DNA sequence: CACTAAACCTGGGAGC
DNA sequence: TGCTCCCAGGTTTAGT
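In the working numbering, the protein residues as written are 6 to 306.
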């Protein structure tokens with residue numbers, strides 16, 4: 006899936022298009038997607054009806070993000086929570102036939118040809134100014150409706166999430182303290198979202214490469230200097246990736262179907278067996294927490 | 001507790 | 001052209 010830069014780029018591309026729009030009609034073609042996370046998802050007709058009734062005739066007031074979740078605040082006081090998991094997409098088609106190109110960080114992003122709806126458009130929302138499609142090839146994602154902030158908070162969806170790396174609150178001392186309180190290898194720690202959120206398999210490897218730290222290193226062996234390098238790498242890589250619309254490795258797209266260009270900046274992700282772009286050493290591949298992990302044995306210690 | 005593997009799914013690419 | 005196997009941006013849950 007999209008990691009933080011992709012979810013954030015999607016959010017930024019959605020805001021000018023659908024904040025202020027009213028949801029008129031909702032169609033749920035894949036009922037399990039509106040139900041709670043989990044491995045086997047079964048959904049009652051009542052649950053689907055609650056989802057549809059909660060969203061119809063309500064206005065999208067704002068769109069926020071926590072970790073890799075998108076949070077739509079509705080004029081009714083209700084909340085729509087969207088998680089894209091591996092292959093989710095939110096694509097908007099305007100009623101107007103205009104070519105409206107995505108502009109992220111001041112730079113227009115190249116458009117792709119996206120047919121909407123398509124065979125994986127499983128939830129379709131008709132807005133007053135266009136249509137919003139939730140597509141998801143692998144069907145891992147979910148869209149959850151909560152009738153109020155109180156109900157949403159009571160469910161404790163975000164309770165184990167760590168620091169938001171793009172926030173002002175992401176300060177060095179907090180990061181250092183939190184990381185020192187954990188054990189286990191640093192890559193696994195990034196993937197589990199408990200210290201800092203938003204890094205996934207791509208950005209965990211990219212950050213560790215930039216910081217010069219091996220992904221296999223146990224947190225209790227990391228020096229203060231090394232942790233500082235990791236902290237600084239996060240602060241450089243994530244904003245830059247957002248500015249470039251994220252990494253479109255396979256099917257990640259923004260609201261208008263355009264693709265992000267940060268994949269061109271990848272130093273290690275997807276480059277196992279190739280030469281390190283800094284020192285020329287062959288990049289090594291290993292598996293950590295069941296995920297393919299790429300690193301440079303020379304640049305990372 | 002900590003860690004790993006499986007589960008949820010479809011599709012693209014590699015190799016034969 | 002087609003088959004089989006492996007792999008994929010995430011996260012939860014079952015099993016050791």
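The beta-carbon is built from N, C-alpha and C at its ideal position, and this holds for glycine as well.
This structure is a prediction, so every number in the text was calculated from the model and none was measured.
Burial check for residue 302: the Cβ neighbour count within 10 Å stays below 16, so the residue is exposed. With a beta-carbon spacing of about 5 Å, residue 187 and residue 224 fall inside the 8 Å limit used to define contacts. Three or more beta-carbon pairs separated by less than 8 Å are not found between the stretch 276 to 294 and the stretch 236 to 244, which leaves the two stretches without contact. Within the DSSP secondary-structure output, residue 297 pairs in a beta bridge with 292. For residue 274, the secondary structure class from DSSP, reduced to helix, strand or coil, is coil. Taking C-beta separations shorter than 8 Å and ignoring five residues to either side along the sequence, the partners of residue 24 in its chain run 65, 66, 67, 68, following chain order. By the beta-carbon neighbour count (other beta carbons within 10 angstroms, threshold 16), residue 161 is exposed.
Taking all protein chains in view, the Cβ of residue 298 is crowded by 16 or more other Cβ atoms within 10 Å, so the residue is classified as buried. Residue environment analysis places residue 164 among the exposed positions, since fewer than 16 neighbouring C-beta atoms fall within 10 angstroms of its C-beta. In its chain, beyond the 5 residues on either side, 134, 135 have a beta carbon closer than 7 Å to the beta carbon of residue 100. For a cut-off of 8 Å, the C-beta gap from residue 49 to residue 260 is around 31 Å, too long to register as a contact. For the pair residue 251 and residue 199, the CB atoms are not nearer than the 8 Å cut-off.
At the C-beta level, residue 59 and residue 82 stay beyond 8 Å of one another. Less than 8 Å separates the beta-carbon of residue 216 from that of residue 231.
Cβ contact annotation for residue 80 (same chain, cutoff 6 Å, sequence separation greater than five): 63, 64, 66, in chain order. Within the stretch 226 to 259, the complete alpha helix (DSSP H) runs of at least 4 residues fall at 229 to 248. The alpha-carbon of residue 13 is positioned some 12 Å away from that of residue 87. Put simply, the stretch 145 to 152 touches the stretch 29 to 43. At least three CB pairs are less than 8 Å apart. Distance from the Cα of residue 78 is smallest, within the candidate group 144, 141, 294, 20, for 20. Under the DSSP definition of a beta bridge, residue 93 partners with 141.
Residue pairing by DSSP places residue 280 opposite 287 in a beta bridge.
By DSSP's assignment, residue 162 forms no beta bridge with any residue. Going by beta carbons, residue 296 and residue 196 fall inside the 8 Å limit.
As summarised for the stretch 23 to 65, the continuous alpha helix (DSSP H) elements at least 4 residues long and confined to that stretch are 50 to 60, given in chain order.
Assigned with DSSP and collapsed to three states, residue 222 falls in coil, not helix or strand. Beyond the five residues adjoining it in sequence on each side, residue 267 comes within less than 6 Å, by CB distance, of 246, 249, 251, 252 in the same chain, given in chain order. Residue 189 is classed as exposed because its beta carbon has fewer than 16 other beta carbons within 10 Å across all chains shown.
Residues 200 of the same chain have their beta carbon placed closer than 6 Å to that of residue 183, with the five preceding and five following residues left out of the count.
Rounded to the nearest angstrom, the gap between the Cα atoms of residue 142 and residue 89 is 11 Å.
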